[in-house]
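Presented below is the structure to which this report refers.
In our numbering, the protein residues as written are -1 to 337.
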């Protein structure tokens, strides 16, 4: 069910503005010097980026938690009618990660949707996954189209058509990050841009959410998410860039607040990805001199990877597993479980 992309490659498949910004910060920082190709980069050392073993350990722990959580969550279903899990949103809904060694962004089967689907399928044999997410999607293009090619014209229209035509047990949604990620410069955050973006997100969600809720009906569980802050990685570049990290975290706080209020308006539970990434925890991480939120940002995303693979805002496989666990936790605590 992955939509066919139009001939014009969405910008996020090339490089995100946050990636460009962070690359510029690294280039201008006296603390970080990218090493030649065959030598380790300082940004990938133990100060700023956890070893690969740590990433794998986090992913395995997160997936183990998913198994334990989902064990009693869903009773096996026996039904002649096909039941679906429908995923909607931006690049995260397609599991986008930079490819090694080129650094080109591409969808993968190691996203949070894939991890969550594996757990759902283990308890609901026959469950089918339909992915309608679109890398580069904003709340506005989700309504009107223009990034990915949908026969129905937009992701929202495609989702409504799918919901009306099929039995869907659960819908997950992540949207809005591409509305706000251009509000940055080397001088910090453009707060006028942030204000405009948040107004747009709020207005668009007031169109998107009632349409999804109506088409899904009363027995389909819709779960959305808030966001981690990839720009916390700028903290590793020294005091002058820590101001940018602090400002970005404040902007992310406002952004997540708008998302949460909008979803709550339509009784849509929100997976707390911000908490899963410890966005606001500046205590020192174990065996590190970095704050925990910064450590997890460079461990669970590609922001700490050397070029051309990074810096990249997308989660790695461990990060996506953490997001999947946040969704699982929210589903378990929701009043209505997927039937």
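Idealized CB from N, CA, C, for every residue including glycine. Keep in mind it's a predicted model, so treat the numbers as computed, not measured.
Around the Cβ of residue 157, a 10 Å sphere holds 16 or more other Cβ atoms; the residue is buried. Looking at the backbone, the Cα of residue 263 and that of residue 330 are separated by about 20 Å.
The DSSP-derived three-state label of residue 181 is coil. Taking all protein chains in view, the Cβ of residue 162 is surrounded by fewer than 16 other Cβ atoms within 10 Å, so the residue is classified as exposed.
When rounded, the separation of the alpha-carbon atoms in residue 194 and residue 250 is 14 Å. Residue 170 and residue 79 have their alpha carbons spaced roughly 21 Å apart. Three or more Cβ pairs closer than 8 Å define a contact, and the region 128 to 141 meets that threshold against the region 100 to 120.
Contact check for residue 256 against residue 199 passes: the beta carbons are separated by less than 8 Å.
Annotated as proximal: residue 226 and residue 275, with beta-carbon spacing under 8 Å.
In the three-state reduction of the DSSP assignment, residue 140 falls in the helix class, which pools H, G and I. In the structure shown, residue 97 adopts coil according to DSSP, grouped into three states. With respect to residue 172, residue 91 sits close: the two C-beta atoms are nearer than 8 Å.
In the three-state scheme derived from DSSP, where H, G and I count as helix and E and B as strand, residue 317 is classed as helix. Proximity to residue 81 across 235, 128, 215 peaks at 128, based on C-alpha coordinates. Exposure of residue 98 is indicated by the presence of fewer than 16 other C-beta atoms within 10 angstroms of its C-beta. Contact between residue 137 and residue 145 is ruled out by a C-beta separation of about 12 Å, above the 8 Å threshold.
If you draw a straight line from the Cα of residue 230 to the Cα of residue 118, it comes to about 32 Å. Assigned with DSSP and collapsed to three states, residue 191 falls in helix. Short of 7 Å from the beta carbon of residue 142, and not among the five residues preceding or following it, lie these beta carbons of its own chain, in chain order: 152. About 7 Å separates the Cβ atoms of residue 234 and residue 288, confirming a contact at the 8 Å cut-off. Ranked by Cα distance from residue 216, the options 165, 236, 192 are led by 165. With respect to the 8 Å criterion, residue 321 and residue 110 are classified as neighbours on the basis of their beta carbons. For residue 224, same chain residues with a beta-carbon under 7 Å away, outside a window of 5 residues either side, are 254, 257, 258, 268, 270, 271, 272 in chain order. Comparing alpha-carbon positions, the option among 186, 261, 218 lying closest to residue 232 turns out to be 186. Each residue's CA atom was taken as its position, placing residue 210 and residue 83 some 14 Å apart. Taking all protein chains shown into account, residue 281 has fewer than 16 neighbouring C-beta atoms within 10 Å of its C-beta and is therefore exposed.
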